[in-house]
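Numbering (my numbering), first residue to last: 34 to 139. The C-beta atom is built at its ideal place from N, Cα and C for all residues, glycine as well.
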């Protein structure tokens, strides 16, 4: 898994980079097939924005949040991303484990 962390109008400090890395482990725990994660942190006026684009097999998942505090934005981002990835994982397993089949005799 590749993690790309960029900042717009903000310098990414080592503490921020470490914070994002520790939070991303939550995503890795739930879903192992994540290929790339692009996280962009930006500042616009008083809003601290965080957005992520996650590339998994067959789909790109995009999430964005904003808050007055950058660390709160990162926390919200990870929570939203975790919910979306779990939803994608459940849809995938439901599709694969579908019990109805064309060859099933009624």
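Rounded to whole angstroms, residue 75 and residue 101 show a C-alpha spacing of 12 Å.
Under DSSP, residue 38 shares a beta bridge with 72.
For the set 121, 110, 124 and 122, the Cα lying nearest the Cα of residue 71 is the one of 110.
A residue is called buried when at least 16 other Cβ atoms come within 10 angstroms of its Cβ; residue 103 meets this threshold and is buried.
Following the DSSP letters along the chain, one finds residue 86 inside the beta strand (DSSP E) bounded by residues 80-89.
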